[in-house]
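**Student:**
Residue numbers (the numbering used here), protein chains in the order written: chain B, 778 to 1288; chain A, 31 to 192.
This is the structure in structure tokens:
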């Protein structure tokens, strides 16, 4: 307990430094702005921020990232509510009731509910995180390389399993592609070149930033051009629209309070699970809230129910906090967004994992505390400023897209000062665009890419300790338990698939 | 052929090529007898990738009774392919010009080109949204943050700066 209080003190004193407070605010604003743009999500927002934070202290960098993450989710909610165009998948459920509320002239109220729900969800989850992370970190200190290897296999499989019906194999394929890309460059142990095709530029491998920027920021921006999506028109409507009062009545607060409580807990635990995240949490919370509502209230869902808005908003923020648990304690990101953050941490020279808690307590605690501060900033500063931030979006998309492309390209160039990286980005973005059109998800690839190196290192170490035998997979109880869980995750979707297929065959025979 | 099958075939070929290339990785003399070599992980990945791609090929994801033509690859005719291709070329040209024409010239041309490709035709907007933005960004990077940006080899060759 003492250690925790000391940690909180360390975190508070780090976050309270003026530069770090500024980081939270800048992060929240930038995140809100980028998250509002339909098509650009938190991964793009964070990736765009990485080059800016390279020279920063790791704690300041991570604080900025956490702010951007929250801001992007909030920004996504704002565009969901105002213009029914969720910037990110995690806020799709928000539009179900948020947009009808806005159309009824209660946009201000809907935004306020979203902000209060996000704040409450984030706050409750930050408290859980405060309690869970150090405990898990101390348990994780006893983990060996075989356990880590098993955990990474579990994390990668879970991401694919949560990718949605029919997408399991596609997500698995993308994970493998990410792992394959991570093997390009010098081999981590012997330094032998692999898949470099004689090019010196590839000896260091593909930079994570290049891959994240090309597959997210670049390809998402190009996708809006390809699909002729107009960012500006919808944003204009938001900027001109009267958002109405931001106040909630006492009865309304009373109505949403239990929903917020339930959804916070659900969201946090969903967020902790590797692979699940804000999107799944928000849909589950929405579904749960509709199930527990009285039949009279149930009718309002989808037509402007304030509970239907509060639940997913709470859950997606709580899940965002929850997803930091595996990142901070095990060094294993549970989602595409936290994978990008892991990449950022590694580039700062910080190795996340249980040792982070021991070696760099100021980073560990300041990230946790900054999440809370980020939520406060969103509530106090962003909410009243939303109409003005929305006005910034009236920059037409034909001016905005080239700027996003420029920031992505120059962001990568400023780190490597190698134009080869820029050619490679264009090629990777083109491939990513085509894969997106074929409905292949990008997040599992980033996760695979980031975990690839660590996975190989841990597998090698485990094999060396075991004289080259794979017996550690079943002889070590922790490893075995994690591997069994992985098998369950792989088998379940396949069983579902075959069951569905059999039912279809029967239906075909019957009719 | 459905979209899913085309994707599966692509990944099957990719996994095969990756697996073959993995066998070409050079090993240190003493490494050949070890349990884990630089080839181990790539070989395992090629196998896993091949199996997944094969499963995708034989187990189409949307295996339900289809209407005629549903799920077939119909192309993406309605998309703005020309603009996207033009942006791709523009980015490659930007990469080429960046170290040769220098940051300010190359970036201004890139933004101008991007705005033009996406349909902006008003010259005050074209110039106003590119050159001042680039100069301001250059000022922040090179003067405030002290990041060295090459003036451009062409100008240096002419004996000037940029």
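Heads up, the beta-carbon is just placed ideally off N, CA and C, and yes, glycines get one too.
Taking 8 Å as the cut-off, does the segment 985-1000 of chain B touch the segment 818-827 of chain B (at least 3 CB pairs, one atom from each stretch)?
**Tutor:** Cβ pair count under 8 Å is three or more, so yes.
**Student:** Name, going along the chain, the residues of the segment 981-1009 of chain B whose beta-carbon falls closer than 7 Å to a beta-carbon of chain A.
**Tutor:** Residues 999, 1002, 1003, 1004 and 1005.
**Student:** Out of curiosity, what's the CA-to-CA distance linking residue 138/A and residue 800/B?
**Tutor:** By 1-based counting over the second chain, the position of residue 138/A is 108. By 1-based counting over the first chain, the position of residue 800/B is 23. Approximately 29 Å, taken between the alpha carbons.
**Student:** Our contact map puts residue 1106/B next to residue 917/B with C-beta atoms below 8 Å; I'd like the distance itself, whole angstroms only.
**Tutor:** For this step, residue 1106/B is matched to residue 329 along the first chain. For this step, residue 917/B is matched to residue 140 along the first chain. At roughly 5 Å, the Cβ-Cβ gap stays under 8 Å, so residue 1106/B and residue 917/B are in contact.
**Student:** Quick check on the burial criterion: 16 or more other C-beta atoms within 10 angstroms. Buried or exposed for residue 1151/B?
**Tutor:** The residue given as residue 1151/B occupies position 374 in the first chain. Residue 1151/B is buried by the Cβ-count criterion.
**Student:** Taking C-alpha atoms, which residue in 1281/B, 1204/B, 1176/B and 803/B lies nearest to residue 983/B?
**Tutor:** As a working note, residue 983/B is residue 206 in the first chain. Out of 1281/B, 1204/B, 1176/B and 803/B, 1204/B has the C-alpha closest to the C-alpha of residue 983/B.
**Student:** Do residue 1178/B and residue 110/A have their beta-carbon atoms positioned less than 8 Å apart in this structure?
**Tutor:** As a working note, residue 110/A is residue 80 in the second chain. As a working note, residue 1178/B is residue 401 in the first chain. For residue 110/A and residue 1178/B, no; Cβs fall outside 8 Å.
**Student:** Ends of the alpha helix (DSSP H) at residue 1219/B?
**Tutor:** Working through the first chain from its first residue, we reach residue 1219/B at position 442. That residue, residue 1219/B, is in no alpha helix (DSSP H); it is neither H nor E in DSSP.
**Student:** For the alpha helix (DSSP H) holding residue 173/A, just list the boundary residues, first then last.
**Tutor:** Within the second chain, residue 173/A is the residue found at index 143, counting from 1. Segment: none, residue 173/A is in no alpha helix (DSSP H) and carries neither H nor E.
**Student:** Do residue 925/B and residue 1097/B have their beta-carbon atoms positioned less than 8 Å apart in this structure?
**Tutor:** Along the first chain, read from residue 1 onward, the residue named residue 1097/B stands at position 320. Along the first chain, read from residue 1 onward, the residue named residue 925/B stands at position 148. The answer is no: Cβ separation not under 8 Å.
**Student:** Grab me the residues of residue 890/B's own chain with a C-beta within less than 6 Å of its C-beta, minus the 5 sequence neighbours each way, in chain order.
**Tutor:** Here residue 890/B refers to the residue found at position 113 of the first chain. Once the five neighbours on either side are set aside, the close Cβ partners of residue 890/B are 1083, 1086 and 1087.
**Student:** Return helix, strand or coil for residue 854/B, following the three-state DSSP convention.
**Tutor:** If you number the first chain from 1, residue 854/B lands on position 77. Three-state result, residue 854/B: helix.
**Student:** Find out if the Cβ-Cβ distance for the pair residue 1058/B, residue 1044/B is shorter than 8 Å.
**Tutor:** Translated into positions along the first chain, residue 1058/B becomes position 281. Translated into positions along the first chain, residue 1044/B becomes position 267. In this structure, residue 1044/B lies closer than 8 Å to residue 1058/B by Cβ.
**Student:** Buried or exposed for residue 999/B, please, with buried defined as at least 16 other CB atoms from any protein chain shown within 10 angstroms of its CB.
**Tutor:** Counted from its first residue, the first chain places residue 999/B at position 222. Buried.
**Student:** With 7 Å as the limit, tell me which residues of the segment 1217-1231 of chain B have their beta carbon closer than that to any beta carbon of chain A; keep them in chain order.
**Tutor:** Residues 1217.
**Student:** If we count Cβ pairs, one from each stretch, closer than 8 Å, do we get three or more for the segment 874-891 of chain B versus the segment 1063-1080 of chain B?
**Tutor:** Touching, per the Cβ criterion.
**Student:** Please look up how many angstroms separate the CB atoms of residue 1111/B and residue 1064/B, rounded, as I've assumed it's under 8 Å.
**Tutor:** The count along the first chain starts at 1 and reaches residue 1111/B at position 334. The count along the first chain starts at 1 and reaches residue 1064/B at position 287. In fact, because the Cβ distance is near 21 Å, the residues do not count as touching under 8 Å.
**Student:** Specify whether the segment 36-45 of chain A and the segment 1222-1232 of chain B touch according to this definition: at least 3 beta carbon pairs, one from each stretch, less than 8 Å apart.
**Tutor:** Taking 8 Å as the limit for Cβ pairs, the verdict is that the segment 1222-1232 of chain B does not touch the segment 36-45 of chain A.
**Student:** Mapping the DSSP letters down to three states, classify residue 934/B as helix, strand or coil.
**Tutor:** As a first step, residue 934/B is located in the first chain; it is residue number 157 there, counting from the start. Here residue 934/B sits in helix by DSSP.
**Student:** In this structure, how does DSSP classify residue 98/A when only helix, strand and coil are distinguished?
**Tutor:** The residue you call residue 98/A lines up with position 68 of the second chain. Reliability fails at residue 98/A, whose pLDDT of 44 lies under 50, so the model's placement of it is uncertain and no value is given.
**Student:** Where does residue 1181/B land, buried or exposed, given buried means 16+ other C-beta within 10 angstroms?
**Tutor:** For the purposes of this step, residue 1181/B is taken as the residue at position 404 of the first chain. With 16 or more Cβ atoms within 10 Å of its Cβ, residue 1181/B is classed as buried.
**Student:** According to DSSP, what are the bridge partners of residue 971/B?
**Tutor:** To locate residue 971/B, count along the first chain from 1; it is residue 194. 962/B, per the DSSP bridge assignment.
**Student:** Could you tell me which uninterrupted alpha helix (DSSP H) segments, each at least 4 residues in length, are contained entirely in the segment 857-902 of chain B, listed from first to last along the chain?
**Tutor:** For the segment 857-902 of chain B, whole alpha helix (DSSP H) runs of length 4 or above, ordered along the chain, are 869-878.
**Student:** Using a Cβ-Cβ cut-off of less than 7 Å, list which residues of the segment 59-74 of chain A approach chain B; keep chain order.
**Tutor:** So the list reads 61, 65, 66, 68, 71 and 72, given in the order they occur along the chain.
**Student:** Below 8 Å between beta carbons: does that hold for residue 1207/B and residue 825/B?
**Tutor:** By 1-based counting over the first chain, the position of residue 1207/B is 430. By 1-based counting over the first chain, the position of residue 825/B is 48. Not in contact: residue 1207/B and residue 825/B (Cβ atoms no closer than 8 Å).
**Student:** Taking 7 Å as the line, does the beta carbon of residue 945/B fall inside it for any heavy atom of the ligand NAD?
**Tutor:** You won't find the ligand NAD in this model; it holds no ligand whatsoever.
**Student:** Report the residues of the segment 123-149 of chain A with a CB closer than 7 Å to any CB of chain B, ordered along the chain.
**Tutor:** From the segment 123-149 of chain A, only 124, 125, 128, 129, 137, 140, 141, 144, 145, 148 and 149 have a Cβ closer than 7 Å to chain B.
**Student:** Closer than 7 Å, Cβ to Cβ, to anything on chain A: give me those residues from the segment 880-893 of chain B, in chain order.
**Tutor:** Listed in sequence order: no entries.
**Student:** Could you give the uninterrupted runs of the alpha helix (DSSP H) lying entirely in the segment 1169-1244 of chain B, keeping only those of 4 residues or more?
**Tutor:** The qualifying runs are 1174-1193, 1196-1214 and 1220-1242.
**Student:** For a contact defined as C-beta to C-beta under 8 Å, what are the partners of residue 828/B on chain A?
**Tutor:** Position 51 of the first chain, counted from the start, is the residue given in the question as residue 828/B. Under the 8 Å cutoff, chain A gives no residues; its nearest Cβ is about 10 Å from residue 828/B.
**Student:** Is residue 29/A close to chain B? Criterion is C-beta to C-beta, closer than 8 Å.
**Tutor:** In the structure as shown, chain A begins at 31 and stops at 192. Residue 29/A is therefore absent and cannot be evaluated.
**Student:** Are the segment 955-967 of chain B and the segment 1152-1166 of chain B touching, with three or more C-beta to C-beta distances below 8 Å?
**Tutor:** Counting Cβ pairs under 8 Å, fewer than three are found: no touch.
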